[in-house]
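In what follows, a single structure is set out as structure tokens and then discussed.
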Amino acid sequence: MSCDISDVQTEKYNSEVQRQSRGKEDEEKEEDDRRLNLKVIHPPTVYNSDAGEDLRSRLLELQSRFTWDLKKEDLNLEDFRTEMQHDTALGLEQQTYSAHSYGFLAYLRYLQGQLKEADSLLSQSEKQTIQCFGEESERHLIVTYGDLAWLKYHTGDYTQSQTYWQRVQDILVKCPVDSSTDLHPEVYGEKAWTYLKMSKSYYPKAIECFCKALKLQPDDCKLNKGYAITLYRTEEDITETHIKESPATKQLRRAVEINPEDGVLLSMLALKLTIYQKHQEAAGLVERALEVGPEDTQVIRYVAKYLRKQEMFDEVLEKVEEEPNGMRQFVYRCYAEFCHYHSIQKELAIKYYTKGLQINPTTSEGRHCIKKLKLMAARRHHNNPRDTVAWGILGTVVKAEAQRFNMSDRCSALSSHLQQLQSRFTWDLKKADMDLENLSTRLQDHIDLKLGQRGAVARSYSFLAYVRYLQGRPKEAESMLSKSEEKTRECYGEESERRLIVTYGDLAWLKYHTGDYIQSQTYCQRVQDILLKHPTGSTTDLHPEVFGEKGWTYLKFSRSYYQKAISCFCKAVELQPDDSEWNAGFAITLYRTESLSFPITMGSETSQESEESPATKQLRRALEVSPDDAVLMSMLVLKLVYYKKHHEAESLVEKALKLDPDNPHVTRYIAKYFRIQGDDVRSIDLLTEALKKTSQSAFIHHQLALCYTNKKRAEQRWKPYNNQKVKQWRHLAIEHLEDAVKIKGSFILAMVNLALLYAEEKNFSRAEELFQQSSLILSQSEKSSCQVFHQRYGDFHRYHTKKEDEAINHYTQGLQLIPLAQEGKYCARRLKQIAERRLSKSEDDGGAYALLGLVSKAEGDRKTAAEFYEKALDCDESNHSYLSELYELRVELQ
Numbered sequence: 001m002s003c004d005i006s007d008v009q010t011e012k013y014n015s016e017v018q019r020q021s022r023g024k025e026d027e028e029k030e031e032d033d034r035r036l037n038l039k040v041i042h043p044p045t046v047y048n049s050d051a052g053e054d055l056r057s058r059l060l061e062l063q064s065r066f067t068w069d070l071k072k073e074d075l076n077l078e079d080f081r082t083e084m085q086h087d088t089a090l091g092l093e094q095q096t097y098s099a100h101s102y103g104f105l106a107y108l109r110y111l112q113g114q115l116k117e118a119d120s121l122l123s124q125s126e127k128q129t130i131q132c133f134g135e136e137s138e139r140h141l142i143v144t145y146g147d148l149a150w151l152k153y154h155t156g157d158y159t160q161s162q163t164y165w166q167r168v169q170d171i172l173v174k175c176p177v178d179s180s181t182d183l184h185p186e187v188y189g190e191k192a193w194t195y196l197k198m199s200k201s202y203y204p205k206a207i208e209c210f211c212k213a214l215k216l217q218p219d220d221c222k223l224n225k226g227y228a229i230t231l232y233r234t235e236e237d238i239t240e241t242h243i244k245e246s247p248a249t250k251q252l253r254r255a256v257e258i259n260p261e262d263g264v265l266l267s268m269l270a271l272k273l274t275i276y277q278k279h280q281e282a283a284g285l286v287e288r289a290l291e292v293g294p295e296d297t298q299v300i301r302y303v304a305k306y307l308r309k310q311e312m313f314d315e316v317l318e319k320v321e322e323e324p325n326g327m328r329q330f331v332y333r334c335y336a337e338f339c340h341y342h343s344i345q346k347e348l349a350i351k352y353y354t355k356g357l358q359i360n361p362t363t364s365e366g367r368h369c370i371k372k373l374k375l376m377a378a379r380r381h382h383n384n385p386r387d388t389v390a391w392g393i394l395g396t397v398v399k400a401e402a403q404r405f406n407m408s409d410r411c412s413a414l415s416s417h418l419q420q421l422q423s424r425f426t427w428d429l430k431k432a433d434m435d436l437e438n439l440s441t442r443l444q445d446h447i448d449l450k451l452g453q454r455g456a457v458a459r460s461y462s463f464l465a466y467v468r469y470l471q472g473r474p475k476e477a478e479s480m481l482s483k484s485e486e487k488t489r490e491c492y493g494e495e496s497e498r499r500l501i502v503t504y505g506d507l508a509w510l511k512y513h514t515g516d517y518i519q520s521q522t523y524c525q526r527v528q529d530i531l532l533k534h535p536t537g538s539t540t541d542l543h544p545e546v547f548g549e550k551g552w553t554y555l556k557f558s559r560s561y562y563q564k565a566i567s568c569f570c571k572a573v574e575l576q577p578d579d580s581e582w583n584a585g586f587a588i589t590l591y592r593t594e595s596l597s598f599p600i601t602m603g604s605e606t607s608q609e610s611e612e613s614p615a616t617k618q619l620r621r622a623l624e625v626s627p628d629d630a631v632l633m634s635m636l637v638l639k640l641v642y643y644k645k646h647h648e649a650e651s652l653v654e655k656a657l658k659l660d661p662d663n664p665h666v667t668r669y670i671a672k673y674f675r676i677q678g679d680d681v682r683s684i685d686l687l688t689e690a691l692k693k694t695s696q697s698a699f700i701h702h703q704l705a706l707c708y709t710n711k712k713r714a715e716q717r718w719k720p721y722n723n724q725k726v727k728q729w730r731h732l733a734i735e736h737l738e739d740a741v742k743i744k745g746s747f748i749l750a751m752v753n754l755a756l757l758y759a760e761e762k763n764f765s766r767a768e769e770l771f772q773q774s775s776l777i778l779s780q781s782e783k784s785s786c787q788v789f790h791q792r793y794g795d796f797h798r799y800h801t802k803k804e805d806e807a808i809n810h811y812t813q814g815l816q817l818i819p820l821a822q823e824g825k826y827c828a829r830r831l832k833q834i835a836e837r838r839l840s841k842s843e844d845d846g847g848a849y850a851l852l853g854l855v856s857k858a859e860g861d862r863k864t865a866a867e868f869y870e871k872a873l874d875c876d877e878s879n880h881s882y883l884s885e886l887y888e889l890r891v892e893l894q
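Taking the UniProt record's numbering, the leading residue of the sequence shown gets 1, the next gets one more, and so forth.
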């Protein structure tokens, strides 16, 4: 079924657009849109609400974790996450297991609201499946593609959802099921493993699915194993002796028959056989399990359980010596429990409790050992107050606890020392302020393309290291910091020491967080050595290199830190006025700050002032220091447009393109210049080339979309216009803005414009959904983004839902945020239009006068505002809101 709008719907839609274009309101809106240069996004395929519902009904027919009635309340999400991430699940072959576990973890991430990560995990599941099964992978991907179809649907990407739905259909056509069943064995198997992994309450469903799968593929080793494990877990509480073997025991035998080298199955079967007093066979299975899986933690656990039951711990104690500390401590504690409560060997119990304690007294196992040793010592003292063994036990415990507290004291002292370092770990960088995925992509591009001035690549490695730390990848973070140190030394040679103060501070913190306190202390000392060798001047307590590094960090990580970046660059430039890096950083930060407050767009008003802004002056200063920096030139070009210095701007454009034509930062700024000048074709050419180098740039995708939007609007000005051309430009804009939103999930401007385009297509439910998604991140956004949100939401209600009261509410909020900004003025015009239209119908409309009063007050004309509120009160004398506003205005006017 096609998801495009039918010819009849298209004709109706075009007719409606042409009809509306003749109205006065829409002429006003078109003019305002040109002023605002609205940046729109749209999904690649046009969907109306009926089409969305139709897609959903087809998705419900898919075999997917989204359709298997998996309830969030049945799952322990945190335990499940830990199990998946530590690869301790089912002991499958590595690639097959990875494919399964990526799929399980993806659904978990969906339930936790982490949709991007879920998408990434499903892609990894697909990759692992293809690697594992090769040409036979298609049927194994039915569920994965079903999950992807649902995930894309829930993120609003109906086009991709449809694509994955179609992939499933293609597989089903290519690989039809037998008439005796409606599912492939691979699907039954995936469904069964899912039920097995997700919750004990789903075990009966897992058994049913494994049974159906095995009827179709009776010799499949993974299916037999899964069925055996499910039955084993179902019977786990059965401990009494039986004569007849249980279903789980029989199935374990069958699974071992098919896969005799599986240590987990062998050790599980050994445990079952102890119930039937088949000790000799069980012992042989244990021996075999330890041969084939000596390092498998699942095998060790089952064998330890078996040996505890059979009083045969000697062998496992030998095997466990090579295991990690956590496993050894677990086994020692288990053996001590066995000696304490079963074999009644108190001395051995003390010995192994002590061994467990000495591995690490701070873990739960270590604390358990301390507790048991204290109890044993107390009992011995009760029987004999002079029992030297009891005193020895207590001495061991006290020493361990002292070690624990001494370790804590040392950590506390080190932590206090670390807090004094200049480091990204001490600069109050909040994870919530950053878009880590987008930041990671951009930094990797900077490294790969070697973008920026001298030392920029070294800084990018440091920035990326901190991102990796926040992402929970400390090993990668350490590697990145080592590369940063290496690049810094390559770049600055003998002058590199002061530039490594922050890098060593970061390494000290990273080592501390990974528990390597000795190395942490070593890096702390390196910082102290540098500070002793290079003391700061009396006018400041930091080196200019530290101020500079701090400034670049604040600039790179979040818009919310721009003011901090300005402060740091000011101090760095004050100490080293001719340093190219600090001057460039200062200029870029001022440019971005001014761009947020006064965005330069096609059709926007240019300044009549002769006095240039701080950013413009600093860009000129930075170019004095670095006259061949094409990025700074291209930024200055955009500032000069604002001051109508077109001749100078054109000269700099030519120079920048000659100096660094392959730098994507240069091309994107120059492309923006061409777009503002109305040359969309040249802008598109430049941006397309830039995109080849940095495909994950939300900025470039966004700029391309603006160009295509301009071309769409230009076509729409013709009466009548060519609907096919409009649709063509719109869809090109859609493609790039969809990419921009995917790359940068906090792109509010893109989201709300996408919502308006959905509204154009009459898909109001999807539009409302996007506005609601945007509203969730408003609290973390700047005022300018909030203002754009309210202005667009006002348009949505005024022109599409026809809910005028809602439109007034959002226009009012937008106006009050920044009254003199473009969006603020736009909201004021809209409110005036609404008020004037209402007054043309009724001169006694108090609400209309109140709107005019509100606008006048926001514009600073309090006298006129008071007059309007007086008229509003004449119409509605009992309105306390009007009276309150009038009172405040009169007080201010006195």
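Where a beta carbon is used, it is the ideal one built from N, C-alpha and C, also for glycine.
All values derive from a computational prediction rather than experimental measurement.
Check, Outcome
"Can you find the residues in the same chain that come closer than 8 Å, C-beta to C-beta, to Tyr-461, ignoring five residues on each side of it along the sequence?", "Ile-447, Met-480, Leu-481, Lys-483, Ser-484 and Lys-487"
"Please report the residue range of the alpha helix (DSSP H) in which Gln-444 lies.", "436–449"
"Looking at the structure shown, is Met-256 part of a helix, part of a strand, or coil, going by DSSP?", "What sits at residue 256 in the sequence shown is Val, not Met. Reduced to three states, the DSSP call for Val-256 is helix."
"Pop quiz: Phe-142 and Val-173 are said to be a contact at Cβ under 8 Å. What is the actual Cβ separation, rounded to whole angstroms?", "Note on identity: in this sequence residue 142 is Ile, with Phe being the wrong assignment. That belief does not hold up - the Cβ atoms of Ile-142 and Val-173 are roughly 12 Å apart, past 8 Å."
"Nearest-angstrom Cα distance between residue 921 and Cys-568?", "The requested residue 921 does not occur in the structure, where the chain is confined to residues 1 to 894."
"What are the boundary residues of the alpha helix (DSSP H) that Phe-210 is part of?", "203–216"
"I need the DSSP call for Tyr-643, collapsed to helix, strand or coil.", "coil"
"May I ask you to report which of helix, strand or coil DSSP gives Trp-729?", "helix"
"For Phe-771, which residues in the same chain have their Cβ closer than 6 Å to its Cβ, ignoring the five residues on either side in sequence?", "Ala-755 and Tyr-793"
"Would you kindly work out how many angstroms separate the C-alpha atoms of Cys-786 and Leu-831, rounded to a whole number?", "18 Å"
"Where does Pro-664 sit, in a helix, a strand or coil, going by DSSP?", "helix"
"Of the residues Gln-791, Lys-825, Glu-823 and Lys-802, which one's Cα is nearest the Cα of His-810?", "Gln-791"
"Please list the terminal residues of the continuous alpha helix (DSSP H) segment that includes Pro-185.", "185–198"
"Pick from Glu-823, Leu-531 and Val-398: whose alpha carbon is nearest that of Tyr-504?", "Leu-531"
"Suppose you measure from the CA of His-513 to the CA of Leu-470; what does that come to, to the nearest Å?", "12 Å"
"Look at the Cβ atom of Leu-148, then the Cβ atom of Leu-122, and state whether they are nearer than 8 Å.", "yes"
"Measuring CA to CA, which of Lys-564, Lys-346 and Pro-614 is closest to Lys-550?", "Lys-564"
"With a Cβ-Cβ cutoff of 8 Å, do Ala-872 and Gly-860 count as a contact?", "no"
"Can you name, in chain order, every residue of its own chain whose Cβ lies under 8 Å from the Cβ of Arg-254, other than the five neighbours on each side?", "Asn-224 and Ala-228"
"Just how far apart, CA to CA, sit Val-641 and Ala-649?", "7 Å"
"Within the same chain, show all residues whose beta-carbon is closer than 7 Å to that of Ser-560, passing over the 5 residues directly before and after it, in chain order.", "Asp-433"
"Taking C-alpha atoms, which residue in Tyr-673, Pro-664 and Lys-372 lies nearest to Lys-644?", "Tyr-673"
"Relative to the C-alpha of residue 904, which residue among Leu-290, Val-666 and Thr-522 is closest?", "Any answer about residue 904 is impossible in this case: the structure gives the chain only from 1 up to 894."
"Is the CB-CB distance between Ile-258 and Leu-231 below 8 Å?", "no"
"According to the neighbour-count rule (16 or more other Cβ atoms, all chains shown, within 10 Å of its Cβ), is Asn-383 buried or exposed?", "exposed"
"Quick check on Pro-544: does DSSP put it in helix, strand or coil?", "helix"
"Can you tell me which of Gly-263, Lys-319 and Ala-283 puts its alpha carbon nearest to the alpha carbon of Val-292?", "Gly-263"
"Can you find the residues in the same chain that come closer than 6 Å, C-beta to C-beta, to Val-752, ignoring five residues on each side of it along the sequence?", "Ser-774, Phe-789 and Arg-792"
"With distances taken between CB atoms, is the gap from Met-268 to Leu-290 smaller than 8 Å?", "no"
"To the nearest angstrom, how far is it from the Cα of Ile-350 to the Cα of Ala-402?", "19 Å"
"Would Glu-545 and Arg-489 be called neighbours here (beta carbons separated by less than 8 Å)?", "no"
"Can you tell me where the alpha helix (DSSP H) with Pro-176 in it begins and where it stops?", "Unbroken run through Pro-176: none, as it is neither H nor E."
"Hey, how far is the Cα of Arg-713 from the Cα of Lys-742?", "25 Å"
"Which word fits Thr-388, buried or exposed, when buried means at least 16 other C-beta atoms lie within 10 angstroms of its C-beta?", "exposed"
"Suppose the cutoff is 6 Å on Cβ atoms and the five residues either side in sequence are ignored; what does the same chain contact list for Ala-270 look like?", "Ala-282, Leu-285, Val-286 and Tyr-306"
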